[in-house]
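Undergrad: Just passing along the structure, written as structure tokens.
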Amino acid sequence: MTVRAVLFDFSGTLFRVESAECWLRAVLAELEVPLSAGESALAAEALARAGALPG
748 MTVRAVLFDF
758 SGTLFRVESA
768 ECWLRAVLAE
778 LEVPLSAGES
788 ALAAEALARA
798 GALPG
């Protein structure tokens, strides 16, 4: 198979890595789950310890 194209995304326009805390806050806001900043930080830390991937 011949490679016909290669795509590089150096500036994060197609794929952006977000911390577990960032995406968790977005999901909680979308679902209207009231969680304080401290509670969401603790939950994000627990997710990271459990192996949650950024994204």
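In terms of this note's numbering, the sequence shown opens at residue 748 and continues consecutively.
From the three backbone atoms N, C-alpha and C, an ideal C-beta is built for every residue, glycine too.
Fair warning: this is a prediction, and the values are worked out from it, not measured in the lab.
Is DSSP giving Gly798 helix, strand or coil here?
TA: coil
Undergrad: Helix, strand or coil for Leu754? Go by DSSP, reduced to three states.
TA: coil
Undergrad: Mapping DSSP to helix, strand and coil, what is Val805?
TA: Absent from the structure is residue 805, since the part of the chain shown begins at 748 and ends at 802.
Undergrad: Specify the secondary structure class of Ser787 as computed by DSSP and reduced to three states.
TA: helix
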